[in-house]
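Step one of this worksheet: look at the structure below.
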Amino acid sequence: EPSLRSKTPHVRGVFCFFMFYLYILYSSGSDVYYVGYSNDYVRRFEEHNHSLHTTYTSKHRPWKLKAVYSCGADESLAVRIERFVKKQKSRKLIEKLIVGTVFTGILTQLVRVPSTSESSMRFTGIS
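Residue numbers (my numbering): 164 to 290.
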């Protein structure tokens, strides 16, 4: 099984690019969701749970990774989708993303990353 920690970019021919991901975190202690994007969602998950900086996410620890979607190699698309989801201010929309509801519009470009269960995260040492 490939490691979720791999930071090796995908290589096609002589071009090298990173994939970008939309991720959803949940804090059961605060009962809040957080939506973000990154080219390394495992690293960002660790940072949200363990960073020494005082941030919005540091105030709601611990976080659980609830869903990850690939946005492809286009960072601007990942940013647009993240902003779209955040601007909706809709818990229902976020929960629909978590369960994998089929969407229209900009969200049709998302591809669910299947290996984000707690058991697979424990396999990589993330709790």
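The beta-carbon is built from N, C-alpha and C at its ideal position, and this holds for glycine as well.
query                                                                                                                                                 : result
Rank Ser214, Trp226, Tyr200 by C-alpha distance to the C-alpha of Ser193 and give the top, closest one.                                               : Trp226
Is Tyr189 near Ser201, with beta carbons less than 8 Å apart?                                                                                         : no
If Phe247 and Ile269 are in contact, beta carbons under 8 Å, what's the gap, nearest whole angstrom?                                                  : 6 Å
So, with DSSP's three-state summary, where would you put Lys249?                                                                                      : helix
Within its chain, find whatever has a CB closer than 6 Å to the CB of Phe208; leave out the 5 residues flanking it on each side and keep chain order. : Leu228
Quick check on this structure: which residue in Lys255, Glu258, Cys234 has the alpha carbon closest to the alpha carbon of Val276?                    : Cys234
Below 8 Å between beta carbons: does that hold for Val198 and Glu238?                                                                                 : no
Among the residues of its own chain, which have a CB less than 7 Å from the CB of Met182, if the five just before and after it don't count?           : His173, Asn202, Ser233, Gly235, Ala236
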